[in-house]
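FYI, the numbering for the sequence shown is 39 to 540, going by the working numbering.
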Amino acid sequence: MDSYARLSRNQAGKLEKCATQHADNREVIERLGAVLGEEVSDPKLSAWNPKVRRPGWERIMKRIAARASDGVVLWNTDRGWRQCLDLEDLFKLIEGHDSVTVASSHGRYDLSDYNDRHQLRQEVAHNQRNSDEASDRISRRFDVLRRKGIPHLQGRSFGFPGLDRTVLKEDALDEDDKDTREQVPAELVERERAALRSGTSAILAGVTLTRLAEEWNAAGLRTVTGGSFTPVQVREILLRPRNAGLVEHDGDFVGQMRGGAVVDPGDFDRLRTLFAGRTRGRQPGNAYIGSGITTCPKCGRRLSARPHVGEYPGGERRRQYHCPKARGGCGKVAADMRAVDREIRGLVIAIMSDPNHAAAIKVARALISDRLATVEAEIRECEERQEAIAAKWGARKMTDKAFDKANEPLVKDLARLNAEREELTGGNPNGPTEAMSREEAAEKWDAADVGEKRAMLRDALGRDTLYVDPAEGKGFRRFDPKRVRVEPYKHKQSEAGRKTTP
């Protein structure tokens, strides 16, 4: 018979470790005159939560089904079952078996006997009732604490005091199962709080989450578990209601925390409104100049960018633009990032220093000025309405669901209008209308960051298309600058306009 153990607490509140349970199980097996098969454990895994997989318990069931063991011994039946459905799964599993035994320190059940199966069903039903009752009691207790301003926390959070989580709790337990981890220094907590305040202000000022994560990592700040920050982690940390001294549950503010706010509540409301107004999905990255702008001439898809094998002379990993098959592309174009960016630089400098380009921008803007004014007026109206509903939401006069419902059509309208404005202006309504010298254009390009260079490239292209042609031949070859080319915009005439009268 196999022995199964799962971490638990006895009536005195002390941990009954898996090793202790296995020792009791061996005594039961010896008392039954059986032979020990395997000892299997699932430490700290719930038997009540159906979402939790227990690899050890699954192995026990597989061994029983394969007749590799005659049953299982548990310290208590609640170690194996806290859901009645799980027991019924075992009964289905052993259909056709001559005999399967379930034993514990409190009794023995022969599952070939329907009376024993009935008794085991009652015991497991009692286990489930106890778990359900405990869950309800804990939920009500947490609700009372939340309304008193005491949040339900899972250890120390960034910007707040608590035990050092860079050390695992299991590694810090002494012989009496006491946590020996120390409180983090007050100086670290204050540094983190300063980062929360400055980070909130930075995002409101237009700094990207990627840039902020890089700044935090460069400053030596780390997550509470000792890792480096990612943009997603920074976003989750800045959007915690706890930063503003608020206790939130299921999307509703239910209490005010004791001790005051770390971040100004007004700034926090504006931050949440800012993120609530953003469309879902991956935002355009600023790591590559030509990503999403350069185009594949074979299939017409925008090129993406990715790391590539090898390193540049300075030790940086090579990167390339490519036409991704996974996104519907043909996969026939791939080009070194630095080589393409070098050609993009020369192209942008040439266009920005061309007087004809500046003159053409003036003429084009004159032609579309009326429609552009209408579009920009509609954009301002949508943004004003967004600000109005955001003010109501920030004053807690509107629920999150009501805010999302009111904001969703505005987000769609703004996406459509911004796309039309970009189409009318070539991506930059405020671009230069006077030609620069080549030196001025080169200086401006070299001083710009990736996001600014992308804007300059869009402004230089206008409605034209920037293609990167496939390489000719196979194997190692030098990059041909002629692969990067610009195709002028061609107005699409309607079929009716192209027909001639007979």
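Every residue, glycine too, gets a C-beta built ideally from N, C-alpha and C.
This structure is a prediction, so every number in the text was calculated from the model and none was measured.
### With 16 other Cβ atoms within 10 Å as the buried cut-off, status of Tyr350
For the purposes of this step, residue 350 is taken as the residue at position 312 of the sequence shown. Its Cβ having fewer than 16 others within 10 Å, Tyr350 is exposed.
### Query
Whose CA, out of Thr261, Arg356, Val347, Gly369, lies closest to the CA of Lys336?
One-based indexing of the sequence shown puts residue 336 at position 298. Nearest option by C-alpha distance: Gly369.
### Task
List the DSSP bridge partners of Ala141.
Indexing the sequence shown from 1 puts residue 141 at position 103. Beta-bridge annotation (DSSP): Ala141 is paired with Val111, Arg146.
### Query
Under a Cβ-count criterion, where at least 16 other Cβ atoms within 10 Å of its own Cβ denotes burial, should Tyr527 be classed as buried or exposed?
In the sequence shown, residue 527 corresponds to position 489, counting from 1. Around the beta carbon of Tyr527, a 10 Å sphere encloses fewer than 16 other beta carbons of the protein chains shown; the residue is thus reported as exposed.
### Separation of Glu133 from Asn63, as counted between CA atoms
Counting from 1 along the sequence shown, the entry for residue 63 is found at position 25. Counting from 1 along the sequence shown, the entry for residue 133 is found at position 95. In a straight line, the C-alpha of Asn63 is about 26 Å away from that of Glu133.
### Query
Based on the DSSP output, what are the partners of His360 in its beta bridges?
Counting from 1 along the sequence shown, the entry for residue 360 is found at position 322. Beta bridge pairing from DSSP links His360 with Ser342, Ala372.
### Query
If we ignore side chains and look at the alpha-carbon of each, how far apart do Asp170 and Leu309 end up?
Residue numbering aside, residue 170 sits at position 132 when the sequence shown is read from its first letter. Residue numbering aside, residue 309 sits at position 271 when the sequence shown is read from its first letter. Their Cα atoms are separated by approximately 38 Å.
### Query
So who's on the other strand from Gln160, going by DSSP bridges?
Stepping through the sequence shown from its first residue, residue 160 is reached at position 122. Its beta-bridge partners do not exist; DSSP assigns none.
### Task
Give the range of the alpha helix (DSSP H) segment to which Ser239 is assigned.
As a first step, residue 239 is located in the sequence shown; it is residue number 201 there, counting from the start. Looking at the DSSP string, the run of the alpha helix (DSSP H) that includes Ser239 is 224 to 242.
### Query
When DSSP builds the beta bridges, which residues end up paired with Tyr326?
In the sequence shown, residue 326 corresponds to position 288, counting from 1. Tyr326 is not bridged to any residue.
### Query
Which residues does DSSP pair with Thr333 in a beta bridge?
Here residue 333 corresponds to residue number 295 of the sequence shown, with the count starting at 1. In DSSP, Thr333 forms a bridge with Arg340, Tyr505.
### DSSP-derived helix/strand/coil call for Asp151
Working through the sequence shown from its first residue, we reach residue 151 at position 113. Asp151 falls in the coil class under three-state DSSP.
### Message
Please tell me whether Val66 and Arg97 are closer than 9 Å, where the distance is taken between their beta carbons.
### Response
Mapped onto the sequence shown, residue 66 falls at position 28. Mapped onto the sequence shown, residue 97 falls at position 59. Not a contact, by the Cβ cut-off of 9 Å.
### Query
Does the beta-carbon distance from Leu385 to Glu421 come in below 9 Å?
Locating residue 385 in the sequence shown gives position 347, counting from the first residue. Locating residue 421 in the sequence shown gives position 383, counting from the first residue. The answer is no: Cβ separation not under 9 Å.
### Query
Per DSSP, what kind of secondary structure is Leu425 in: helix, strand or coil?
Indexing the sequence shown from 1 puts residue 425 at position 387. Rather than Leu, the amino acid found at residue 425 in this sequence is Glu. In the three-state scheme derived from DSSP, where H, G and I count as helix and E and B as strand, Glu425 is classed as helix.
### Query
Residues bridged to Glu349 by DSSP?
On the sequence shown, residue 349 is found 311 positions in, with the first residue counted as 1. Glu349 is bridged by DSSP to Arg355.
#### Entry: 9 Å Cβ cutoff met for Val488 and Leu504
If you number the sequence shown from 1, residue 488 lands on position 450. If you number the sequence shown from 1, residue 504 lands on position 466. Not in contact: Val488 and Leu504 (Cβ atoms no closer than 9 Å).
### Task
Compare the beta carbon distance of Asp116 and Ala85 with 9 Å and say whether it is the shorter of the two.
As a working mapping, residue 116 is identified with position 78 in the sequence shown. As a working mapping, residue 85 is identified with position 47 in the sequence shown. The beta carbons of Asp116 and Ala85 sit closer together than 9 Å.
#### Entry: Cut-off 7 Å between Cβ atoms - residues of its own chain near Pro88, not counting five sequence neighbours on either side
On the sequence shown, position 50 is the one that residue 88 refers to. Taking C-beta separations shorter than 7 Å and ignoring five residues to either side along the sequence, the partners of Pro88 in its chain run Gln121, following chain order.
#### Entry: Residues near Gly298 in its chain [Cβ-Cβ closer than 8 Å; skip 5 each side]
Position 260 of the sequence shown holds residue 298. Exclusion of the five residues before and after Gly298 leaves Gly283 as the residues of its chain whose Cβ lies within less than 8 Å of its Cβ.
### Task
List the whole-angstrom C-beta distance separating Ile387 from Trp483, where the pair is believed to meet the contact cut-off of C-beta under 8 Å.
Translated into positions along the sequence shown, residue 387 becomes position 349. Translated into positions along the sequence shown, residue 483 becomes position 445. Between Trp483 and Ile387 the Cβ distance is about 6 Å, and since that is below 8 Å, they are a contact.
#### Entry: Sequence-distant residues of its chain with Cβ nearer than 6 Å to Phe196 (five each side left out)
Here the question's residue 196 lines up with position 158 in the sequence shown. Cβ-Cβ distances below 6 Å link Phe196 to Glu230, Val262, Ile275 in the same chain, with the five nearest sequence neighbours on each side left out; the list follows chain order.
### Query
Relative to the alpha-carbon of Asp502, which residue among Asp151, Lys430, Ile389, Ala210 has its alpha-carbon at the smallest distance?
Here the question's residue 502 lines up with position 464 in the sequence shown. Nearest option by C-alpha distance: Ile389.
### Query
In whole angstroms, what is the alpha-carbon distance linking Leu277 and Thr268?
The residue given as residue 277 occupies position 239 in the sequence shown. The residue given as residue 268 occupies position 230 in the sequence shown. Straight-line spacing of the CA atoms in Leu277 and Thr268 works out to 14 Å.
### Task
Closer than 6 Å by C-beta to Gly193: which residues in its own chain qualify, once you throw out the five before and the five after it? Chain order, please.
Translated into the one-based positions of the sequence shown, residue 193 becomes position 155. Result list for Gly193: Arg203, in chain order.
### Query
Do you know whose CA, among Arg340, Glu416, Asp518, lies nearest Ala364's CA?
On the sequence shown, residue 364 is found 326 positions in, with the first residue counted as 1. Minimum Cα distance to Ala364 is reached at Arg340.
### Task
From the DSSP output, read off the bridge partner residues of Val90.
As a working note, residue 90 is residue 52 in the sequence shown. The partner list for Val90 (beta bridge, DSSP) is empty, contrary to what the question assumes.
### Query
According to the neighbour-count rule (16 or more other Cβ atoms, all chains shown, within 10 Å of its Cβ), is Ala233 buried or exposed?
For the purposes of this step, residue 233 is taken as residue 195 along the sequence shown, with counting starting at 1. The residue is buried, with at least 16 neighbouring Cβ atoms inside 10 Å.
### Task
Would you kindly report the start and end of the unbroken beta strand (DSSP E) that includes Asp40?
For this step, residue 40 is matched to residue 2 along the sequence shown. Annotation: the continuous beta strand (DSSP E) that includes Asp40 extends over 40 to 43.
### Message
Just to confirm the assignment, what range does the alpha helix (DSSP H) spanning Val272 have?
### Response
Start at 1 with the first residue of the sequence shown, and residue 272 comes out as number 234. It spans 269 to 276 - the alpha helix (DSSP H) in which Val272 sits, taken as one unbroken run.
### Query
What do you get for Ala343, buried or exposed, if any count of 16 or more other CB atoms within 10 angstroms of its CB means buried?
Against the sequence shown, residue 343 aligns to sequence position 305. Buried, by the Cβ-count rule.
### Query
For Glu328 versus Asp379, is the C-beta spacing smaller than 9 Å?
The sequence position of residue 328 within the sequence shown is 290, counting from 1. The sequence position of residue 379 within the sequence shown is 341, counting from 1. Note on identity: in this sequence residue 328 is Gly, with Glu being the wrong assignment. Asp379 is positioned such that its CB atom lies closer than 9 Å to that of Gly328.
### Task
Note down the Cα distance separating Phe313 from Ser239, rounded to an integer number of angstroms.
As a working note, residue 313 is residue 275 in the sequence shown. As a working note, residue 239 is residue 201 in the sequence shown. Distance between the alpha carbons of Phe313 and Ser239 is about 14 Å.
### Query
Rounded C-beta distance between His360 and Ala372? I'm assuming under 8 Å.
As a working note, residue 360 is residue 322 in the sequence shown. As a working note, residue 372 is residue 334 in the sequence shown. 4 Å between Cβ atoms; contact.
### Query
Just reading off the alpha helix (DSSP H) that Val78 is part of, what are its end residues?
Numbered from 1 along the sequence shown, position 40 holds the residue referred to as residue 78. Segment 77 to 79 is the beta strand (DSSP E) holding Val78; no alpha helix (DSSP H) there.
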